[in-house]
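Residue 156, in this note's numbering, is where the sequence shown stops; the numbers in between run on with no holes.
Just so you know, even glycine gets a beta-carbon here, dropped at the ideal spot from N, CA and C.
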Amino acid sequence: MATLTTTITEEITLNGKDRGSSNTMNITSVSDIYHRLVSCPANNNTTVATFQAAVHTSDNANPLACKYIRVTNLDQTNEVVMSLQISNDEDGTADASTSILLTAGQSFMMSSGEEGIATSDLNADIITDGDMHDLESIIIDPKGNTVQVEVFIAS
Numbered sequence: 002m003a004t005l006t007t008t009i010t011e012e013i014t015l016n017g018k019d020r021g022s023s024n025t026m027n028i029t030s031v032s033d034i035y036h037r038l039v040s041c042p043a044n045n046n047t048t049v050a051t052f053q054a055a056v057h058t059s060d061n062a063n064p065l066a067c068k069y070i071r072v073t074n075l076d077q078t079n080e081v082v083m084s085l086q087i088s089n090d091e092d093g094t095a096d097a098s099t100s101i102l103l104t105a106g107q108s109f110m111m112s113s114g115e116e117g118i119a120t121s122d123l124n125a126d127i128i129t130d131g132d133m134h135d136l137e138s139i140i141i142d143p144k145g146n147t148v149q150v151e152v153f154i155a156s
């Protein structure tokens with residue numbers, strides 16, 4: 002087991018004053034890492050990570066109970082649309098999704114795939130702990146450009 006240390010640093014000076022910030026988080030008891038650079042061909046949706054309760058059930062599956070998920074758009078010019086596929090029934094099959102725009106060079110992070118995401122299209126209510134669902138997979142839509150993304154998952 003190991004400890005993963007992540008640091009997010011923002012550096013900016015406004016009106017002669019440092020307005021930056023740095024936050025460090027230690028994630029303990031990490032035993033597995035999934036790290037890939039994935040080329041996503043233009044006009045093709047590319048599944049860059051899948052999540053299952055039992056990782057032996059699928060090639061390249063990550064445990065739902067992972068502790069850290071990061072996807073970074075490595076392209077310096079083009080944006081991508083990242084789709085978080087959600088298993089509302091928690092049966093390993095996606096039946097909802099949330100799409101997030103990742104502009105050039107931007108990253109997205111979340112803490113767990115197990116009961117860590119939900120979406121509501123009824124009335125924009127905040128969904129609380131008891132109603133969260135499992136992440137089934139992450140899909141990248143590179144639109145009309147070939148791009149590369151980095152995926153880092155710790156469990």
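_Residue of 148, 105, 49, 10 minimising C-alpha distance to residue 24_ = By 1-based counting over the sequence shown, the position of residue 24 is 23. Considering only alpha carbons, the answer is 10.
*Please list the segments of the beta strand (DSSP E) lying wholly inside the stretch 61-111, counting only runs of 3 or more residues, in order along the chain.*
62-64, 69-74, 81-88, 97-103, 108-111
*Cα separation between residue 98 and residue 121?*
The count along the sequence shown starts at 1 and reaches residue 98 at position 97. The count along the sequence shown starts at 1 and reaches residue 121 at position 120. Distance between the alpha carbons of residue 98 and residue 121 is about 10 Å.
_With 16 other Cβ atoms within 10 Å as the buried cut-off, status of residue 143_ = Taking the first residue of the sequence shown as position 1, residue 143 is located at position 142. Buried, since its Cβ has 16 or more Cβ neighbours within 10 Å.
_For residue 8 and residue 92, the rounded distance between their alpha carbons_ = As a working note, residue 92 is residue 91 in the sequence shown. As a working note, residue 8 is residue 7 in the sequence shown. Distance between the alpha carbons of residue 92 and residue 8: 34 Å.
*If you follow the beta strand (DSSP E) that residue 5 is part of, which residue opens it and which one closes it?*
Position 4 of the sequence shown holds residue 5. Unbroken beta strand (DSSP E) run through residue 5: 3-11.
*DSSP-derived helix/strand/coil call for residue 132*: Reading the sequence shown from its first residue, position 131 is the one you call residue 132. If DSSP states are grouped into helix, strand and coil, residue 132 belongs with the helices.
*With a threshold of 16 other CB atoms inside 10 Å of the CB of residue 136, please say whether the residue is buried or exposed.*
What you label residue 136 is simply residue 135 of the sequence shown in a count that begins at 1. By the 10 Å Cβ count, residue 136 comes out buried.
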